[in-house]
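Just below is one structure, and these are the notes that go with it.
Residue numbers (the UniProt record's numbering): 1 to 322.
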């Protein structure tokens with residue numbers, strides 16, 4: 001496959017799993033209209049990938065797009081050490097055509113806040129009116145944007161560029177995959193207690209493996225014997241959401257939240273509103289989302305070399321843990 005084809009496949013899969021459905025295409029149409037109204041000077045600074053890609057944190061960071069990709073070094077976090085690892089593997093005879101990260105780097109990291117508005121749609125699906133959900137998220141999106149501004153986003157990108165290694169990241173697109181996978185699973189599952197939810201997660205190979213690595217699912221708020229109620233899977237949308245959501249989620253009838261991670265101030269609010277919280281595990285959850293994408297690449301004959309925490313599990317039943 002060409003690098004551009006891998007990028008386009010990632011976007012396509014992300015959109016198919018997006019909680020917003022066809023509204024994603026409406027957003028892209030609005031972006032196109034905004035672009036047409038810009039002056040020529042303003043168009044110079046417009047990220048034209050936004051005309052086809054609704055995910056600011058998924059980008060080709062190094063590469064023209066026409067590179068032929070046969071072998072990928074893939075990890076959850078790809079920074080300068082992993083770029084150097086790719087170069088070292090090349091020196092030892094392993095042909096690495098692409099380094100693929102889950103977490104965003106470069107301009108994709110600088111624009112991480114741009115995907116967070118989808119969390120309003122997630123809250124709406126759980127029973128919170130969209131106008132309230134959008135209001136809840138507005139201040140949190142601005143907070144994250146301010147936090148990203150001083151960061152040195154380009155370090156790993158510069159390393160890949162200097163070593164002439166194609167580099168790409170797929171963040172929200174693969175978070176969408178794991179979010180849909182788990183929400184569909186628990187919508188159909190008959191989980192009466194929090195322990196039932198926990199045991200269901202343990203059946204998933206990535207979480208089973210993560211438990212052995214001391215990084216698997218745990219109950220953060222609540223008790224295993226408590227009834228689970230309605231389960232809300234929060235695995236996508238850039239990063240942590242708004243603190244203001246817990247009261248609204250409780251009022252909407254949410255009994256248990258399954259998340260990758262949770263800040264302590266969020267934990268306290270969930271406890272205050274009697275919402276059970278299960279932390280599924282950050283890296284295990286990211287691995288599950290990436291695996292759902294990587295399986296599609298392997299079907300095209302691409303070799304995957306896992307690194308940087310990726311728990312590789314092929315969904316065809318073959319174990320390939322690293």
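Virtual Cβ for every residue (Gly too), placed ideally from N, Cα, C.
With respect to the C-alpha of residue 305, the residue from 34, 73 and 53 having the closest C-alpha is 73. With respect to the 9 Å criterion, residue 177 and residue 14 are classified as neighbours on the basis of their beta carbons. DSSP, read as helix, strand or coil, puts residue 270 in helix. Residue 1 counts as buried, since at least 16 other C-beta atoms from the protein chains shown sit within 10 angstroms of its C-beta. Rounded to the nearest angstrom, the Cβ distance from residue 27 to residue 51 is 11 Å, too far for a contact under 8 Å. Only residues of its own chain outside the window of five on either side were considered, and among them 273, 274 and 275 have a CB closer than 7 Å to the CB of residue 250, listed in chain order. Shown here, residue 179 sits in a helix according to DSSP, grouped into three states. For residue 210, no beta strand (DSSP E) run applies; the uninterrupted alpha helix (DSSP H) run containing it begins and ends at 205-212, by DSSP. Only exposed fits residue 130, as fewer than 16 other CB atoms lie within 10 angstroms of its CB. Under the three-state reduction of DSSP output, residue 117 falls in the coil class, being neither helix nor strand. Taking C-beta atoms under 8 Å as the contact rule, residue 142 and residue 61 fail to qualify, at a distance of about 25 Å.
If you look at residue 80, you'll find it in the alpha helix (DSSP H) that goes 80-91. By the Cβ rule, the segment 31-47 does not count as touching the segment 281-301, because fewer than three pairs are nearer than 8 Å.
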